[in-house]
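In UniProt numbering, the protein residues as written are 413 to 772.
Beneath this line is the structure, given in structure tokens, with notes to follow.
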Amino acid sequence: TSYHKVLEENRLLYNEVQDLKGAIRVYCRVRPFLPGQSNGQSTVDYIGENGDMMIINPLKHGKDARRVFSFDKVFGTTVTQEQIYADTQPLIRSVLDGYNVCIFAYGQTGSGKTYTMSGPDLTTEETWGVNYRALGDLFHISKERSDSIKYEVFVQMIEIYNEQVRDLLVSDGSNRRLDIRNNSQMNGINVPDAFLVPVTCTRDVLDLMRIGQKNRAVGATALNERSSRSHSVLTVHVRGRELVSNSILRGCLHLVDLAGSERVDKSEAVGERLKEAQHINRSLSALGDVISALAQKSPHIPYRNSKLTQVLQDSLGGHAKTLMFVHINPELNAFGETTSTLKFAERVSSIELGAAQSNK
Ligand code: ADP
Numbered sequence: 413t414s415y416h417k418v419l420e421e422n423r424l425l426y427n428e429v430q431d432l433k434g435a436i437r438v439y440c441r442v443r444p445f446l447p448g449q450s451n452g453q454s455t456v457d458y459i460g461e462n463g464d465m466m467i468i469n470p471l472k473h474g475k476d477a478r479r480v481f482s483f484d485k486v487f488g489t490t491v492t493q494e495q496i497y498a499d500t501q502p503l504i505r506s507v508l509d510g511y512n513v514c515i516f517a518y519g520q521t522g523s524g525k526t527y528t529m530s531g532p533d534l535t536t537e538e539t540w541g542v543n544y545r546a547l548g549d550l551f552h553i554s555k556e557r558s559d560s561i562k563y564e565v566f567v568q569m570i571e572i573y574n575e576q577v578r579d580l581l582v583s584d585g586s587n588r589r590l591d592i593r594n595n596s597q598m599n600g601i602n603v604p605d606a607f608l609v610p611v612t613c614t615r616d617v618l619d620l621m622r623i624g625q626k627n628r629a630v631g632a633t634a635l636n637e638r639s640s641r642s643h644s645v646l647t648v649h650v651r652g653r654e655l656v657s658n659s660i661l662r663g664c665l666h667l668v669d670l671a672g673s674e675r676v677d678k679s680e681a682v683g684e685r686l687k688e689a690q691h692i693n694r695s696l697s698a699l700g701d702v703i704s705a706l707a708q709k710s711p712h713i714p715y716r717n718s719k720l721t722q723v724l725q726d727s728l729g730g731h732a733k734t735l736m737f738v739h740i741n742p743e744l745n746a747f748g749e750t751t752s753t754l755k756f757a758e759r760v761s762s763i764e765l766g767a768a769q770s771n772k
């Protein structure tokens, strides 16, 4: 029995350590070459077991030619949607225990953000992304617990474009700009004027997603054009009532498909395009600043520098849990963006900070 006790203690210790370093998790996912793309050499040279990876640029020499990065996990090109979700699921479960969770998809346009979050095709369950799997799981687990806790689930979908917040669930396609206000009754819901729709099954969610996707395209010349330059935030608010004690718990899950992180050539972008690019740059660096301030346990967290961080304020930091998926396009001509994506990821990763501190 003492052997088992040691095992148990070790397990607890291990969980605690995992939890500490896991307040902010960074997963990197490498997109495969697409059919029809020149199947050239991948810039991702090596993926290790422990979240290490090396990128390489055969056209460069010296220290710019290769770099090693280290994250919580790195997923190679053959990893399935199911496997990605398996490593996300513990966070989803914690929402039903009353935690706030943010999951982000970061990367340049075309690197696979929407693939990870939504999937390529709503009609095939096998390729569903994190969004649908997460909601399916929330319904499934809440049913399992229904003897002791009665849960209600609500969904909101907003878009942040040029620092303006819009409701993606309005059916009239109106462009009303919404304010951000904290509402202590509705944990995590900081855009109280956007529709908050009760849902009871995955089917309901799919219907809402279709409306959201359609609205996201309004005013865009092409769907990809607009959606790659706005942040979309799917918020799931969970309210649970314990049947014995009658106490209420509230959890919140934000699933965020970020605007493309690519830098725009200043000499080329003009007018609307330049304005969009500046808004995106500013909000992504504001997000990076908030997460790295949290990772460093800084006393001041600069939430107020962007609409995105204001919307997510009470789900970033404190007891909230954050997962950032950073996406890599392995093509050689994306090497510059790949490097800056990985540097961003490194900046927000608490693991790197730990490594940096232990080097001192
Ligand atoms: P983003 O949202 O970053 O602009 P997308 O998710 O639209 O990028 O992905 C770009 C293209 O690559 C799409 O055709 C998508 O289906 C494909 N793709 C992305 N990731 C994967 C993957 N892991 N496996 C297969 N195809 C992928």
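From the three backbone atoms N, C-alpha and C, an ideal C-beta is built for every residue, glycine too.
Predicted model only: the values in this text are computed from it and were never measured.
Between the CA atoms of residue j and residue i - distance to the nearest angstrom
i           : j      : result
Ser695      : Glu575 : 8 Å
Val760      : Ile459 : 20 Å
Ala746      : Glu758 : 18 Å
Ser554      : Leu744 : 45 Å
Asn728      : Asn717 : The sequence given here has Leu at residue 728, not Asn. So the alpha carbons of these two residues sit roughly 14 Å apart.
residue 389 : Gly672 : No answer is possible for residue 389: the residues shown for the chain start at 413 and end at 772.
Asn462      : Phe481 : 11 Å
Arg589      : Gln453 : 45 Å
Arg593      : Ile572 : 15 Å
Lys755      : Gln690 : 19 Å
His505      : Thr614 : Reading off the sequence, residue 505 comes out as Arg, not His. Cα to Cα, Arg505 sits roughly 16 Å from Thr614.
His473      : Ser697 : 29 Å
Val542      : Glu749 : 24 Å
Ala705      : Ile740 : 24 Å
Ile515      : Met529 : 9 Å
Arg446      : Ile623 : According to the sequence as given, residue 446 is Leu; it is not Arg. Their Cα atoms are separated by approximately 28 Å.
Asp591      : Cys440 : 33 Å
Thr612      : Arg641 : 31 Å
Ala435      : Lys626 : 34 Å
Leu635      : Val738 : Its pLDDT being 42, under 50, Leu635 is placed unreliably in this model, and the coordinates cannot settle the point.
His699      : Leu720 : The residue asked about is misnamed: residue 699 is Leu in this sequence, not His. Rounded to whole angstroms, Leu699 to Leu720 spans 7 Å at the Cα level.
Ser639      : Arg578 : 13 Å
Pro610      : Arg479 : 47 Å
Asn693      : Asp677 : 12 Å
Asp701      : Ala707 : 10 Å
Gly631      : Pro532 : Confidence at Gly631 is low in this model, with a pLDDT of 47, below 50, so its placement is unreliable and no value can be given for it.
Pro742      : Gly448 : 14 Å
Phe483      : Arg662 : 30 Å
Lys433      : Asp464 : Confidence in Lys433 is poor, its pLDDT being 44 and thus under 50, which makes the residue's placement unreliable; the coordinate value appears in the next sentence. Rounded to whole angstroms, Lys433 to Asp464 spans 16 Å at the Cα level.
Met621      : Ala606 : 15 Å
Residues bridged to residue i (per DSSP)
i      : result
Ser482 : Asp464
Gln576 : Tyr573
Thr647 : Gln568 and His666
Met598 : According to DSSP, which records beta bridges pairwise, Met598 is partnered with nothing at all.
Gly652 : Tyr563 and Leu661
Met736 : Val438 and Phe516
Arg589 : Arg578
Phe487 : Arg441
Cβ-Cβ separation, residue j to residue i (assumed contact under 8 Å), whole Å
i           : j      : result
Leu665      : Val513 : 5 Å
Tyr527      : Met736 : With 8 Å as the limit, Tyr527 and Met736 do not qualify as a contact, their Cβ atoms being about 16 Å apart.
Asp669      : Lys525 : 5 Å
Lys733      : Leu503 : 6 Å
Arg443      : Ser523 : 6 Å
Phe566      : Leu608 : 5 Å
Glu688      : Thr521 : 12 Å between Cβ atoms; not a contact.
residue 394 : His731 : Because the chain is modelled from 413 through 772, residue 394 falls outside the range shown and cannot be assessed.
Glu564      : Arg651 : 5 Å
Gln501      : Thr539 : With 8 Å as the limit, Gln501 and Thr539 do not qualify as a contact, their Cβ atoms being about 17 Å apart.
Met569      : Leu581 : 5 Å
Asp476      : Met466 : With a Cβ gap of about 13 Å, Asp476 and Met466 do not count as contacting.
Span of the beta strand (DSSP E) around residue i
i      : result
Asp669 : Ile660 to Asp669
Val442 : Ile436 to Val442
Tyr458 : Val456 to Ile459
Val611 : Val609 to Val611
First and last residue of the uninterrupted alpha helix (DSSP H) at residue i
i           : result
Ser506      : Gln501 to Val507
residue 774 : There is no way to answer for residue 774, as the model of the chain reaches only from 413 to 772.
residue 353 : Here the chain has residues from 413 to 772 only, and residue 353 is not among them.
Thr526      : Lys525 to Met529
Val617      : Thr614 to Arg628
His473      : From DSSP, His473 is part of no alpha helix (DSSP H); its letter is neither H nor E.
Is the segment 490-505 in contact with the segment 712-726, if contact means three or more CB pairs nearer than 8 Å? no
Any contact between the segment 487-494 and the segment 644-657? By contact I mean 3 or more CB pairs, one from each, below 8 Å. no
Below 8 Å, can you find three or more Cβ-Cβ pairs linking the segment 593-608 to the segment 716-730? yes
Would you call the segment 555-562 and the segment 647-656 touching, i.e. three or more CB-CB distances under 8 Å? yes
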